[in-house]
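What follows is a short report on a single structure.
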Amino acid sequence: MKFSLFVHMERWDESISHRQLFEDLTELTLMAEAGGFSTVWIGEHHAMEYTISPSPMPLLAYLAAKTTTIHLGAGTIIAPFWHPIRVAGECALLDVISNGRMEVGLARGAYQVEFDRMAGGMPASSGGQALREMVPVVRALWQGDYAHDGDIWKFPTSTSVPKPIQKPNPPMWIAARDPDSHNFAVANGCNVMVTPLMKGDEEVLDLKNKFQTALDNNPDVPRPQLMVLRHTHVHAVDDPEGWKVGAKAIAKFYRTFDAWFGNKETPVNGFLAPSPEEKFAGRPEFELDSLHKTAMIGTPEEIIPRIKYYQELGVDEFSFWCDNSLPHAEKKKSLELFIKHVVPAFR
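Shown next as structure tokens:
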């Protein structure tokens, strides 16, 4: 079982500077590397303070110079907002800068609020077309000269400059939920990243079964990797109420996600208040007891068997998702406990 860190700068009010958030993200990454994590993942989001990353590339390039072993994952690049030549070139450049430690995740995008601003109001639900067209194009550009005449992009003979260090190409990941996404990823030789969001471990089993079906549908393709991304908060054994800290914070994160995803209100200077708690009356998945069971919240002794279950299912990588609305000190404490007590159980 590999472990990775999924992290963004997140800002909930103006009391903390972006510079401080940048330094905090760097500290968490260095902790993860020292703790034996395989990869740090940073996604792409636009004009929203609660997940700050207009491009993962400059952050990852900086982290490449500060680290030596951990891989740098762009997880994810939103395909409809990019051109394939730019994706190929920037990812290859990061691979050169990091001496072969770049990984790239591609996604179709989710927030209509971003599509309204970045793609002229194109429906977010149609982003999958760009994702499916982009994956083989980027891989072809990494190999050499290639001309493309597709439904979305058309360009004459071009190539990726520079070329990536990793051969035949750097690892590519697809964020997948439905069976078609799993099948596309496997058929195209891409690793698969999944998140159960607010559902329990039965959802991990369901996602793994979709992945297995895709493997069965493509018997001639070498088995790719499967990663599970989970909101994670570890608390000490001598703090029996510590789980509530994580559950309340993650509930706030999801209520904020709901506000942005709903796209009903205009953000104010990049901020959007979480949807009110009363909106979720009768929604058990938002209750703290439920989040205690669904998110990866608990003491190391409680968390280890759950991750071992994932390992038995065939999950190759568990990603510690630390975006959760908590202050940096709490995130650091949680990650320290995970590194000290959870990681050794898998070595």
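Residue numbers (the UniProt record's numbering): 1 to 347. The C-beta atom is built at its ideal place from N, Cα and C for all residues, glycine as well.
Notebook entry, point to check: What's the gap between the Cα of Lys66 and the Cα of Ala281?
Noted result: Start at 1 with the first residue of the sequence shown, and residue 66 comes out as number 66. Start at 1 with the first residue of the sequence shown, and residue 281 comes out as number 281. So the alpha carbons of these two residues sit roughly 46 Å apart.
Next item on the list: Tell me, please, whether the region 269-289 touches the region 24-31 by the rule of three or more beta-carbon pairs shorter than 8 Å.
Entry: Judged by Cβ distances under 8 Å, the region 269-289 makes no contact with the region 24-31, as fewer than three pairs qualify.
Checklist line | Through-space distance from Val192 to His182, alpha-carbon basis | finding: For the purposes of this step, residue 182 is taken as the residue at position 182 of the sequence shown. For the purposes of this step, residue 192 is taken as the residue at position 192 of the sequence shown. Roughly 7 Å between the two C-alpha positions.
Notebook entry, point to check: How close, in whole Å, do the beta carbons of Gly105 and Ala124 come, if the pair is a contact with beta carbons under 8 Å?
Noted result: As a position in the sequence shown, residue 105 is number 105, starting the count at 1. As a position in the sequence shown, residue 124 is number 124, starting the count at 1. That belief does not hold up - the Cβ atoms of Gly105 and Ala124 are roughly 17 Å apart, past 8 Å.
Notebook entry, point to check: At which residues does the beta strand (DSSP E) containing Arg230 begin and terminate?
Noted result: Here residue 230 refers to the residue found at position 230 of the sequence shown. Leu226 to Val234 is the span of the beta strand (DSSP E), which, as asked, contains Arg230.
Checklist line | Alpha carbon of Leu63 to alpha carbon of Arg101, nearest angstrom | finding: Sequence index remark: in the sequence shown, residue 63 carries index 63 (1-based). Sequence index remark: in the sequence shown, residue 101 carries index 101 (1-based). So the two alpha carbons sit approximately 11 Å from each other.
Notebook entry, point to check: Thinking C-beta only, is Ala236 closer than 8 Å to Leu291?
Noted result: In the sequence shown, residue 291 corresponds to position 291, counting from 1. In the sequence shown, residue 236 corresponds to position 236, counting from 1. Result no, Cβ atoms of Leu291 and Ala236 do not sit closer than 8 Å.
Next item on the list: Find the nearest neighbour of Met227 within the set Gln311, Leu131 and Ile70, judged by alpha-carbon distance.
Entry: Here residue 227 refers to the residue found at position 227 when the sequence shown is read from its first residue. It is Gln311 whose Cα lies nearest to the Cα of Met227.
Next item on the list: Quick one: residues in its chain with C-beta nearer than 8 Å to the C-beta of Pro196, no 5 flanking neighbours on either side, listed in chain order?
Entry: On the sequence shown, residue 196 is found 196 positions in, with the first residue counted as 1. Only Glu203, Val204, Leu207, Val228, Arg230 and Thr294 meet the Cβ criterion.
Margin query: Between Pro222, Thr299, Phe253 and Ala259, which has its C-alpha nearest Pro240's C-alpha?
Written below: Translated into the one-based positions of the sequence shown, residue 240 becomes position 240. The shortest C-alpha separation from Pro240 is found at Thr299.
Margin query: Just to check my reading of the structure: Leu72 and Ser98 have Cβ atoms closer than 8 Å, yes? What is that Cβ distance to the nearest angstrom?
Written below: One-based indexing of the sequence shown puts residue 72 at position 72. One-based indexing of the sequence shown puts residue 98 at position 98. Leu72 to Ser98, Cβ: 5 Å. Contact.
Check: Going by DSSP, which residues form a beta bridge with Ser317?
Finding: Sequence index remark: in the sequence shown, residue 317 carries index 317 (1-based). A small correction: the amino acid at residue 317 is Glu; Ser does not occupy that position in the sequence shown. Answer is Lys2 and Met227.
Next item on the list: Could you tell me whether the region 169-186 touches the region 131-143, where touching means 3 or more Cβ pairs closer than 8 Å?
Entry: Yes: at least three Cβ pairs fall under 8 Å.
Notebook entry, point to check: Using CA coordinates, which residue listed in Asp289, Glu285, Met172 and His148 is at the minimum distance from Asp258?
Noted result: Counted from its first residue, the sequence shown places residue 258 at position 258. Residue nearest to Asp258 within the set Asp289, Glu285, Met172 and His148 is Glu285 (criterion: CA-CA distance).
Notebook entry, point to check: Tell me which same chain residues have a C-beta within less than 7 Å of the C-beta of Lys2, skipping the five on either side of it?
Noted result: By 1-based counting over the sequence shown, the position of residue 2 is 2. Ser38, Asp316 and Glu317, listed in sequence order.
Note to self: Tell me the rounded alpha-carbon separation between Ser176 and Ala79.
What the structure shows: Walking along the sequence shown from the start, residue 176 turns up at place 176. Walking along the sequence shown from the start, residue 79 turns up at place 79. The residue asked about is misnamed: residue 176 is Ala in this sequence, not Ser. Taking the straight line from one Cα to the other gives about 14 Å.
Margin query: Under DSSP, the alpha helix (DSSP H) around Asp239 begins and ends at which residues?
Written below: As a working mapping, residue 239 is identified with position 239 in the sequence shown. Note, Asp239: premise wrong, no alpha helix (DSSP H); not H, not E.
Checklist line | For Asn188 and Ala107, the rounded distance between their alpha carbons | finding: Sequence index remark: in the sequence shown, residue 107 carries index 107 (1-based). Sequence index remark: in the sequence shown, residue 188 carries index 188 (1-based). Each residue's alpha carbon lies about 14 Å from the other.
Notebook entry, point to check: For the putative contact between Ser319 and Phe115, defined by C-beta atoms under 8 Å, what is the C-beta separation to the nearest angstrom?
Noted result: Walking along the sequence shown from the start, residue 319 turns up at place 319. Walking along the sequence shown from the start, residue 115 turns up at place 115. The Cβ separation is near 25 Å, so there is no contact.
Check: How about Phe338 and Thr232: do their beta carbons lie closer than 8 Å?
Finding: If you number the sequence shown from 1, residue 338 lands on position 338. If you number the sequence shown from 1, residue 232 lands on position 232. Contact flag set, yes.
Notebook entry, point to check: Gln212 to Phe22, Cα distance in whole Å?
Noted result: Along the sequence shown, one-based indexing puts residue 212 at 212. Along the sequence shown, one-based indexing puts residue 22 at 22. Their backbone Cα atoms lie some 38 Å apart in a straight line.
Check: Is Ile85 helix, strand or coil by DSSP?
Finding: Against the sequence shown, residue 85 aligns to sequence position 85. Of the three classes helix, strand and coil, the one that applies to Ile85 here is helix, per DSSP.
Margin query: Between His46, Thr76, Lys167 and Glu103, which has its C-alpha nearest Gln112's C-alpha?
Written below: Locating residue 112 in the sequence shown gives position 112, where the first residue counts as 1. Nearest option by C-alpha distance: His46.
Margin query: Using the three-state DSSP reduction, which class does Phe271 fall into: helix, strand or coil?
Written below: By 1-based counting over the sequence shown, the position of residue 271 is 271. The answer is strand: DSSP assigns Phe271 an E or B state.
Note to self: Using 8 Å as the threshold, is the C-beta distance between Phe155 and Ile85 below it?
What the structure shows: If you number the sequence shown from 1, residue 155 lands on position 155. If you number the sequence shown from 1, residue 85 lands on position 85. Against a cut-off of 8 Å, the Cβ pair of Ile85 and Phe155 comes out as a contact.
Item checked: Straight-line gap, Pro277 to Gly43 (C-alpha atoms, nearest Å) -> Within the sequence shown, numbered from 1, the residue matching residue 277 stands at position 277. Within the sequence shown, numbered from 1, the residue matching residue 43 stands at position 43. The amino acid occupying residue 277 in the given sequence is Glu; Pro does not appear at that position. One C-alpha to the other measures close to 27 Å.
Notebook entry, point to check: Assuming Pro56 contacts Ala74 under a Cβ cut-off of 8 Å, what Cβ separation, rounded to an integer in Å, is found between them?
Noted result: On the sequence shown, residue 56 is found 56 positions in, with the first residue counted as 1. On the sequence shown, residue 74 is found 74 positions in, with the first residue counted as 1. Contact check for Pro56 and Ala74: beta-carbon distance about 4 Å, within the 8 Å limit, so the pair qualifies.
Check: Between Arg283 and chain C, is there a C-beta pair that is closer than 8 Å?
Finding: Of the protein chains in the structure, only one exists, and it is not chain C.
Check: Between Ile165 and the rest of its own chain, which residues show a CB-CB distance below 7 Å, the 5 nearest in sequence each way excluded?
Finding: If you number the sequence shown from 1, residue 165 lands on position 165. Contacts found: Asp95, Val96, Asn99 and Gly100.
Margin query: Just to confirm the assignment, what range does the alpha helix (DSSP H) spanning Met134 have?
Written below: As a first step, residue 134 is located in the sequence shown; it is residue number 134 there, counting from the start. In the DSSP assignment, Met134 falls within the unbroken alpha helix (DSSP H) covering Gly127 to Gln143.
Next item on the list: If I'm right that Trp82 touches Tyr50 with Cβ under 8 Å, what's the distance once you round it to whole angstroms?
Entry: Within the sequence shown, residue 82 is the residue found at index 82, counting from 1. Within the sequence shown, residue 50 is the residue found at index 50, counting from 1. About 22 Å separates the two Cβ atoms, so there is no contact after all.
Check: Among the residues of its own chain, which have a CB less than 6 Å from the CB of Ser334, if the five just before and after it don't count?
Finding: Indexing the sequence shown from 1 puts residue 334 at position 334. So the list reads His233 and Val234, once near-sequence residues are dropped.
Checklist line | Nonlocal neighbours in the same chain, by C-beta distance under 7 Å from Gly314, ignoring five residues either side | finding: What you label residue 314 is simply residue 314 of the sequence shown in a count that begins at 1. Cβ within range, chain order: Lys208 and Leu226.
Check: Among Glu301, Glu90, Val343 and Thr266, which has the Cα closest to the Cα of Val161?
Finding: Here residue 161 corresponds to residue number 161 of the sequence shown, with the count starting at 1. Distances from the alpha-carbon of Val161 to those of Glu301, Glu90, Val343 and Thr266 put Glu90 closest.
Notebook entry, point to check: Pro344 to Met172, Cα distance in whole Å?
Noted result: Walking along the sequence shown from the start, residue 344 turns up at place 344. Walking along the sequence shown from the start, residue 172 turns up at place 172. Distance between the alpha carbons of Pro344 and Met172: 28 Å.
Margin query: Out of Gln143, Trp142, Gly144 and Val138, which one is the CA nearest neighbour of Gly150?
Written below: Walking along the sequence shown from the start, residue 150 turns up at place 150. Per the Cα distances, Val138.
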